[in-house]
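To start, the structure under review is shown below, and the notes come after it.
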DNA sequence: TACATATAGTTGCATAGCTAACAAAAAGGA
DNA sequence: TCCTTTTTGTTAGCTATGCAACTATATGTA
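In structure tokens form, the structure reads like this:
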């Protein structure tokens with residue numbers, strides 16, 4: 016029915032990938048959204064929520080709530096910004112630092128598996144095209 | 016950070032497309048999920064919920080609740096199957112038949128816009144690849 | 001300075017999606 | 001036939017996501 020629909024095929028694939036990554040991050044007690052956000056925070060501590068939201072392409076309410084979750088789990092800490100008292104900077108806790116490498120390793124494992132399944136060339140090519148489409152929208 | 020990640024780019028694009036299609040179906044009072052499901056039901060009335068769930072690549076609880084929504088809006092009707100009394104067949108109501116053409120027209124309009132933006136060749140190529148990846152997973 | 005506008009975050013309320021647990025009916029086998 | 005297993009749907013409870021509305025602070029301008 017929707018074989019040629021970009022929306023249908025994109026969202027459908029997104030659900031399949033979501034299931035794949037859910038399994039990968041389960042040992043950490045993290046959902047894919049939480050895990051990817053945490054990886055971003057670990058890679059660059061001190062980002063403002065606004066920038067995190069832009070970077071992950073979600074709205075600020077979504078970012079606010081995902082951070083609530085990570086905060087409750089003890090993986091991140093929010094501190095008021097010095098430069099702009101409206102803004103809030105986000106930092107990883109020690110608990111997050113401990114799993115940093117394992118988290119990246121788990122991610123790398125899934126990517127490797129998918130690349131093997133699809134072929135590295137095909138994998139990279141599709142990702143590039145997806146990025147190009149996102150940029151065009 | 017996740018420039019080369021299939022999951023990240025797919026889900027990110029999915030969110031952007033979701034926003035695009037949300038606007039398109041708003042005049043009908045339908046969300047994209049509801050609208051695509053309704054189009055499926057209009058195209059082939061009498062499908063069982065199980066088959067609809069498989070076709071849309073969602074779980075049965077999700078299908079059940081999306082149908083609850085369409086049912087509450089008066090667009091679909093559920094009838095117990097004769098062959099298998101466990102099963103439930105789904106039919107469009109007259110209210111749905113009335114908007115059938117407009118719904119497809121609205122969808123076609125968005126697709127046309129996206130094809131123009133991305134180029135028809137690129138569009139079709141990406142969709143084919145997404146389908147291939149879905150099939151491989 | 002004072003007021004209007006813009007920006008950062010949160011909260012309320014909605015849908016979409018999942019897993020787990022359940023009820024009911026069908027299918028299969030001893 | 002009777003019992004086990006499988007299948008179909010629903011319900012409960014969770015996260016993810018969005019929009020609208022709100023608070024608080026910053027910025028820009030008269």
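Chains as they are written, first to last, in the numbering used here: chain A, 16 to 152; chain B, 16 to 152.
Glycine included, each C-beta is placed from N, C-alpha and C at the ideal position.
Owing to the predicted nature of the structure, the values given are computational and were not obtained by experimental measurement.
Relative to the Cα of residue 98/B, the nearest Cα in the group 110/B, 87/B, 86/B, 63/B belongs to 63/B. Contact check for residue 125/A and residue 148/B: beta-carbon distance about 14 Å, past the 8 Å limit, so the pair fails to qualify.
With the rule of 3 Cβ pairs closer than 8 Å, the segment 109–119 of chain B does not count as touching the segment 65–84 of chain B. The count of Cβ pairs closer than 8 Å, one atom from the segment 23–37 of chain B and one from the segment 28–47 of chain A, reaches three, so the stretches are in contact. Listed along chain B, no residue sits closer than 9 Å to residue 66/A by beta-carbon distance, the nearest being about 12 Å off.
Closer than 8 Å to the CB of residue 69/A there is not a single CB belonging to chain B.
When Cβ pairs closer than 8 Å are counted between the two stretches, the segment 78–90 of chain B is seen to touch the segment 43–50 of chain B, the count reaching three or more. Proximity to residue 105/B across 120/B, 20/B, 55/B peaks at 55/B, based on C-alpha coordinates.
Counting the other Cβ atoms within 10 Å of the Cβ of residue 135/B gives fewer than 16, which makes it exposed.
Cβ contact annotation for residue 22/A (same chain, cutoff 8 Å, sequence separation greater than five): none.
The DSSP-derived three-state label of residue 43/B is helix.
Residues of the segment 17–31 of chain B that bring their beta carbon within less than 9 Å of a beta carbon in chain A comprise 17, 18, 19, 20, 21, 22, 23, 24, 25, 26, 27, 28, 29, 30, 31, in sequence order. When 8 Å is used as the limit between beta carbons, residue 151/B is near these residues of chain A: 132, 133, in chain order.
In this structure residue 25/A is in contact with residue 25/B, their Cβ atoms being roughly 7 Å apart against a cut-off of 8 Å. For residue 72/B, a Cβ of chain A is located within less than 8 Å of the residue's own Cβ. Uninterrupted alpha helix (DSSP H) stretches at least 4 residues long and entirely within the segment 31–96 of chain B occur at 47–58, 64–71, 75–87, given in chain order. CA-CA distance, residue 66/B to residue 77/B, rounds to 13 Å. Close CB contacts of residue 130/B within its chain, under the 7 Å cut and outside five residues either way in sequence, are with 138 (chain order). When 8 Å is used as the limit between beta carbons, residue 97/A is near no residue of chain B, the shortest such separation being about 24 Å.
Rounded to whole angstroms, the separation of the alpha carbons of residue 60/A and residue 123/A is 21 Å. Under the 8 Å criterion on CB atoms, residue 38/A is classed as non-interfacial with respect to chain B.
Contact note: residue 80/A does not reach chain B at a C-beta cutoff of 8 Å; the least C-beta distance is about 15 Å. The beta-bridge partner set that DSSP reports for residue 103/B consists of 95/B.
Note on geometry: alpha-carbon atoms of residue 52/A and residue 121/B lie some 35 Å from one another. Among the residues of chain A, those whose CB is under 8 Å from the CB of residue 139/B are 19, following chain order.
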